[in-house]
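Residue numbers (our numbering), protein chains in the order written: chain A, 1 to 574; chain B, 1001 to 1080; chain C, 2001 to 2080; chain D, 3001 to 3229.
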Amino acid sequence: MSEITPEVVAEHGLNETEYQRVLEIMGREPNLLELGIFSVMWSEHCSYKSSKKWLKTLPTEAPHVIEGPGENAGVIDIGEGLAAVFKMESHNHPSFIEPYQGAATGVGGILRDVFTMGARPIANLNALRFGSPEHAKTRHLVSGVVAGIGGYGNCVGVPTVGGEVNFDPSYNGNILVNAMTVGLAPADRIFKAAAQGVGNPVIYVGSKTGRDGIHGATMASAEFDDDSDEKRPTVQVGDPFTEKLLIEACLELMETDAIIGIQDMGAAGLTSSSFEMASKGGMGVELNLDQVPCREDGMTPYEMMLSESQERMLMVLKPGNEDMARGIMEKWDLDFAVIGSLTETGRMVLRMHGDVVGDLPIDPLAEASPEYDRPWVPTPAREELDAKDLPVPGDTGKVLYQLMGSPNLCSRRWIWEQYDHMVMADTQARPGGDAAVVRVHGTGRALAISTDCTPRYCVADPARGGAQAVAESWRNLTAVGATPLAITDNMNFGNPERPEIMGQFVGCIEGMRAACDALAYPVVSGNVSLYNETNGAAILPTPAIGGVGVIEDAAKTAGIAFTEEGADILLIGE
Amino acid sequence: MKARVYVTLKNGVLDPQGKAIEHALSALDFQGVEQVRQGKLIELDLSESDPEQARSHVAAMCEKLLANTVIENYTIELAD
Amino acid sequence: MKARVYVTLKNGVLDPQGKAIEHALSALDFQGVEQVRQGKLIELDLSESDPEQARSHVAAMCEKLLANTVIENYTIELAD
Amino acid sequence: MKAAVIVFPGSNCDRDVQVTLRDVSGVEPVMVWHKESSLEDVDLIVLPGGFSYGDYLRSGAMASKSLVMREVVKRAGAGVPVLGICNGFQVLTESGLLPGVLMRNANLKFVCKDVHLKVESSQSLFTSAYEAGQVVRIPVAHHDGNYFAGEDELDRLEGNGQIAFRYVQPDGALDPDANPNGSARNIAGVYNERKTVLGLMPHPERLADPQLGGTDGKGMFQSLLESLS
Ligand SMILES: Nc1ncnc2c1ncn2[C@@H]1O[C@H](COP(=O)(O)OP(=O)(O)O)[C@@H](O)[C@H]1O
Chain A
1 MSEITPEVVA
11 EHGLNETEYQ
21 RVLEIMGREP
31 NLLELGIFSV
41 MWSEHCSYKS
51 SKKWLKTLPT
61 EAPHVIEGPG
71 ENAGVIDIGE
81 GLAAVFKMES
91 HNHPSFIEPY
101 QGAATGVGGI
111 LRDVFTMGAR
121 PIANLNALRF
131 GSPEHAKTRH
141 LVSGVVAGIG
151 GYGNCVGVPT
161 VGGEVNFDPS
171 YNGNILVNAM
181 TVGLAPADRI
191 FKAAAQGVGN
201 PVIYVGSKTG
211 RDGIHGATMA
221 SAEFDDDSDE
231 KRPTVQVGDP
241 FTEKLLIEAC
251 LELMETDAII
261 GIQDMGAAGL
271 TSSSFEMASK
281 GGMGVELNLD
291 QVPCREDGMT
301 PYEMMLSESQ
311 ERMLMVLKPG
321 NEDMARGIME
331 KWDLDFAVIG
341 SLTETGRMVL
351 RMHGDVVGDL
361 PIDPLAEASP
371 EYDRPWVPTP
381 AREELDAKDL
391 PVPGDTGKVL
401 YQLMGSPNLC
411 SRRWIWEQYD
421 HMVMADTQAR
431 PGGDAAVVRV
441 HGTGRALAIS
451 TDCTPRYCVA
461 DPARGGAQAV
471 AESWRNLTAV
481 GATPLAITDN
491 MNFGNPERPE
501 IMGQFVGCIE
511 GMRAACDALA
521 YPVVSGNVSL
531 YNETNGAAIL
541 PTPAIGGVGV
551 IEDAAKTAGI
561 AFTEEGADIL
571 LIGE
Chain B
1001 MKARVYVTLK
1011 NGVLDPQGKA
1021 IEHALSALDF
1031 QGVEQVRQGK
1041 LIELDLSESD
1051 PEQARSHVAA
1061 MCEKLLANTV
1071 IENYTIELAD
Chain C
2001 MKARVYVTLK
2011 NGVLDPQGKA
2021 IEHALSALDF
2031 QGVEQVRQGK
2041 LIELDLSESD
2051 PEQARSHVAA
2061 MCEKLLANTV
2071 IENYTIELAD
Chain D
3001 MKAAVIVFPG
3011 SNCDRDVQVT
3021 LRDVSGVEPV
3031 MVWHKESSLE
3041 DVDLIVLPGG
3051 FSYGDYLRSG
3061 AMASKSLVMR
3071 EVVKRAGAGV
3081 PVLGICNGFQ
3091 VLTESGLLPG
3101 VLMRNANLKF
3111 VCKDVHLKVE
3121 SSQSLFTSAY
3131 EAGQVVRIPV
3141 AHHDGNYFAG
3151 EDELDRLEGN
3161 GQIAFRYVQP
3171 DGALDPDANP
3181 NGSARNIAGV
3191 YNERKTVLGL
3201 MPHPERLADP
3211 QLGGTDGKGM
3221 FQSLLESLS
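Written out as structure tokens, the structure is:
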């Protein structure tokens, strides 16, 4: 193992204070593998260190909430013994690097978050932001992202029923790709991550592990050879076909009584999944890395623990069920391996070739993850414009024409026609309306789903913009006849170490909280994406809201189309 | 002048197609196939007749369109 | 032993991918491209070490799966 | 009418067609896993839509080699009706039960939308509930639906009445704008010579329920029910 120099620490994204805490927790210098594990566990992405303080202020409870934030996805009761399981997640940076695969694997990741909990995914949505249409890269990014979302969702056979797209120059170097999945599960059979039972087997299923998306690692160590660049693509490639098999296999296994805990391997793969499972169950875990199914020869423990290969799951089974579970996985042509077992030590012990290659305490690492109260300044109020002071356009017909042709208002048909929005034969309201309506198979009910945010409002006045996004979501659901039940959010912002950006974040949260409280419309899951900046210029603050509502009688919904000649047209509201 | 461009996935990049073909071959009882990788072959008819010119021309096309250099490599072969 | 299989469309068979590339190249201002055809390159690692055996083995795979001989031709190249 | 729905790894419209078959016929179809080597006695075999084997290599290619397909080919030879929808159509051409191939859509994009189809003839097991020349609205959702066959083959298919459906305008006009994928002669579906095997790209099972916005697709299942019960 190579030496842990200050450079190596810095390349792992840990600052001095954080590294001091690592030393305290370990009681010794960590080796490279252990440092890598700290690095991913304490990354912004996994630890929410800048945002946690504020996320906690969002309302998360209501009588119909079965599971709020903290699990893989939020769960709400939708009646007739069923639950809707949903979440939104960003894949912004990868999609900028490689739009097709970045967007595709974003869809794959959010699908796994949902079926991990025992829910069959029934709808996908997305919230996309691109730079100015004139910008040299925009066309390439748009077509790649749309093709990637379609390529993955169409193949797994989950309809993409809605979404939103905005264009603004602030996204020129930082596009946003937020993907949302909604699934259905029996309300009393929700699967969670917590690992339980000393000695119980830890199981790996799905695709093999390759050297995909290993962070910071390329530079971090002299032990990687010269062609490491070539060997270590930072882009993960999605395999929707395997994901489809994984969905079916996991749901089949979930019908048995064999699973104690299950967790998908998302960002930070094996590391975060095993830590989370052990930490939630208050257990220790021992992994035998020789057993991890690998796609390439000679993979190091560091690579195995930090790989972001897609389409993989980790589970803890009740003992004695291994053969049955293996049978199901093999029927679906998936890898299955017992890679370890639970212990009572509260530590994670990693072995390879008989040696202990890593040994870390679980709770201190998970619980002592940094949490920051970052300085922030309120966004200065802008002057209010009075509509009366603006010039009245001469030819309103021409203005209307211009508006309808503008990038942010024109038809999105060219996008959603590339998505299979009808597979599963339950899409009652296709894209193009206020919210998608998807029937709850086997009942008379339907779910209404929409994604919303207007970033230019958020930049002008974060609190009102945040509130408006929630209110718009609510309106879109009620407009099709649904009772809005809960939301998921995806908070996309710039660098939180800048007080103005942190101020936007705090403002948007404040507005969302106010609106959620006023509407009894709680937040049950979400995701945060920070550092969306290029050369010090941040994106518009973009708190994307994904809303879910229920329609008790699916026969009674409304659409946006005028259906009858001579019908009255009414305007309601202020 | 004709050019053939071979576009292949970089080492270590997952190749779902290759993997599926591998499976299918073994299901069809073809034994002894250890790994399968799928790439593209693009054949171009060019009006250019100078090999050097043609090669640099085609390389530019690869960089710009034919290959996704984030995950793919390409090689160029010229004929006649 | 490694084998490379080139699968190309027969003459006269529509090639939407090749056509689209042709269009895209001209939209990108690459001139002098007269025709583009897209095919597949499939690389196989075989445990077989006898070239003759390997070739007939791979030919069988092509006939059975790798190529659709109604519309495609294939050629096989062996290495090491 | 007892139907078997073949399920390949990656099939994803298997349940959709199961629901429609059950609703129309009142009989629960049998779902058959691709690794099965035998099939019970059924009146109809359906190859559903989806992405069998991820559509890797060529869509439908790997599925066409699966164990169960040997039995399907045998049954088709014995005259058992076979319906292939979308990916099922691709499997049928790859297995040689239907002529032609389905290439990548001409604009290379996946397309999901309602299209209008002209029912070429009502003289088949699959279309007896429609009128000849009737225009129906049915969705497509595919990436590889661009039907190709040599000119001679196309002439022969036309001569034999083997063209089942063509993409047309809502008023029945046959023009290139009605064609969502570049198919030769706007072909959306073809029969084998005996008209016992049908493959089509559009998804009749997706518009067979008024709540989903239309019922034009139901006619195909009603035709089969009338012919096969
Ligand atoms: N990226 C996308 N994917 C799928 N559907 C989309 C996408 N963008 C927009 N749509 C659909 O187009 C319609 C109009 O979108 P939008 O203009 O954002 O709606 P709103 O009226 O809520 O502002 C909606 O039905 C939406 O679901």
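Even for Gly, the Cβ is constructed at its ideal location relative to N, Cα and C. Keep in mind the model is a prediction, meaning the values are calculated, not measured.
| Asked | Found |
| --- | --- |
| Could one say the Cβ of Thr3196(D) lies closer than 9 Å to chain A's Cβ atoms, at least one of them? | no |
| Say whether chain D places a C-beta atom closer than 9 Å to the C-beta of Gln2017(C). | yes |
| Can you check whether the C-beta of Gln3211(D) is within less than 9 Å of a C-beta belonging to chain G? | This model lacks chain G altogether; the protein chains it does include are A, B, C and D. |
| So if I threshold CB-CB distances at 7 Å, which residues from the stretch 3094 to 3128 of chain D count as touching chain A? | Lys3109, Phe3110, Val3111, Cys3112 and Lys3113 |
| Since Gln291(A) and Ala325(A) are thought to touch, with beta carbons under 8 Å apart, how far apart are those beta carbons, to the nearest angstrom? | No, Gln291(A) and Ala325(A) are not in contact; Cβ-Cβ is about 15 Å, not under 8 Å. |
| Of all Cβ atoms in chain A, is any one closer than 9 Å to the Cβ of Val3136(D)? | no |
| Hey, how far is the Cα of Leu3207(D) from the Cα of Tyr3130(D)? | 15 Å |
| Count the other CB atoms within 10 Å of the CB of Val3119(D); is the residue buried (16 or more) or exposed (fewer)? | buried |
| Excluding the 5 residues preceding and the 5 following Met3001(D) in the sequence, name in chain order all residues of the same chain whose CB lies nearer than 7 Å to its CB. | Ser3025, Val3027, Asp3043, Leu3044, Leu3224, Leu3225, Leu3228 and Ser3229 |
| If we cut at 9 Å on Cβ distances, does Val2013(C) have a partner in chain D? | yes |
| Do three or more CB pairs link the stretch 2030 to 2050 of chain C to the stretch 1036 to 1043 of chain B at distances below 8 Å? | yes |
| Give a yes or no on whether the minimum CB-CB distance between Lys2010(C) and chain B is below 9 Å. | no |
| Express the C-alpha separation of Ser143(A) and Ala2024(C) in angstroms, rounding to a whole number. | 13 Å |
| Kindly give me the distance between the Cβ atoms of Ala193(A) and Lys87(A), rounded to whole angstroms, as I take these residues to be in contact under 8 Å. | With a Cβ gap of about 14 Å, Ala193(A) and Lys87(A) do not count as contacting. |
| Within its chain, find whatever has a CB closer than 6 Å to the CB of Asn490(A); leave out the 5 residues flanking it on each side and keep chain order. | Met88, Ser90, Asn178, Asn527 and Ala544 |
| Between which two residues does the alpha helix (DSSP H) containing Asp603(A) stretch? | The structure shown does not extend to residue 603(A), since chain A is modelled only from 1 through 574, so no value can be given for it. |
| Taking Cβ positions only, does Arg2055(C) come closer than 9 Å to chain B? | no |
| Note down, in chain order, every chain C residue with its Cβ under 9 Å from the Cβ of Asp1045(B). | Val2033, Glu2034, Gln2035, Val2036 and Arg2037 |
| When Cβ atoms are compared, which residues of the stretch 3045 to 3076 of chain D fall closer than 7 Å to chain B? | Tyr3053, Gly3054, Tyr3056, Leu3057, Met3062 and Lys3065 |
| Would you call the stretch 126 to 136 of chain A and the stretch 150 to 169 of chain A in contact, with 3 or more CB pairs under 8 Å? | yes |
| Exposed or buried, what is Leu3067(D) when buried is set at 16 or more other beta-carbons lying within 10 Å of its beta-carbon? | exposed |
| Drop a sphere of 10 angstroms on the beta-carbon of Glu1066(B), count the other beta-carbons inside from all chains shown, and report buried for 16 or more, exposed for fewer. | Reading off the sequence shown, one finds Leu at residue 1066(B), where the question assumed Glu. Counting Cβ neighbours within 10 Å, Leu1066(B) comes out buried, since at least 16 surround it. |
| With a CB to CB cut of under 7 Å and the five nearest residues on each side skipped, what residues in its chain are close to Gly346(A)? | Gly284, Pro361, Ile362 and Asp363 |
| To test your reading of the DSSP string, which unbroken beta strand (DSSP E) runs of 3 or more residues are found completely within the stretch 1032 to 1060 of chain B? | 1033 to 1046 |
| Mind checking if Ala1060(B) is an interface residue toward chain C, Cβ cutoff 9 Å exclusive? | yes |
| Measure the Cβ-Cβ separation of Ile501(A) and Ala538(A) and say whether it is below 9 Å. | yes |
| Under a Cβ-count criterion, where at least 16 other Cβ atoms within 10 Å of its own Cβ denotes burial, should Tyr401(A) be classed as buried or exposed? | exposed |
| By alpha-carbon positions, which one of Pro186(A), Tyr48(A) and Ser473(A) ends up nearest to Glu255(A)? | Pro186(A) |
| Of the choices Ile78(A), Gly481(A), Leu314(A) and Asp264(A), whose alpha-carbon is the least far from that of Leu111(A)? | Asp264(A) |
| Who are the Cβ neighbours of His3034(D) in its own chain at under 6 Å, not counting the five residues just before and after it? | Phe3008, Ser3066 and Val3068 |
| Below 8 Å on C-beta distance, what does Asn3146(D) contact in chain C? | Leu2014 and Pro2016 |
| Can you name the residues of chain B whose CB is closer than 8 Å to the CB of Ile97(A)? | Val1070 |
| Who are the Cβ neighbours of Pro496(A) in its own chain at under 6 Å, not counting the five residues just before and after it? | Ser50, Arg374, Met502 and Leu530 |
| Is there a Cβ of chain D sitting closer than 9 Å to that of Ala2027(C), yes or no? | no |
| Taking only the alpha-carbon atoms, compute the straight-line gap between Asn2011(C) and Leu3198(D) and give it to the nearest angstrom. | 28 Å |
| Taking the DSSP output, what are the residues bridged to His3116(D)? | Arg3137(D) and Val3168(D) |
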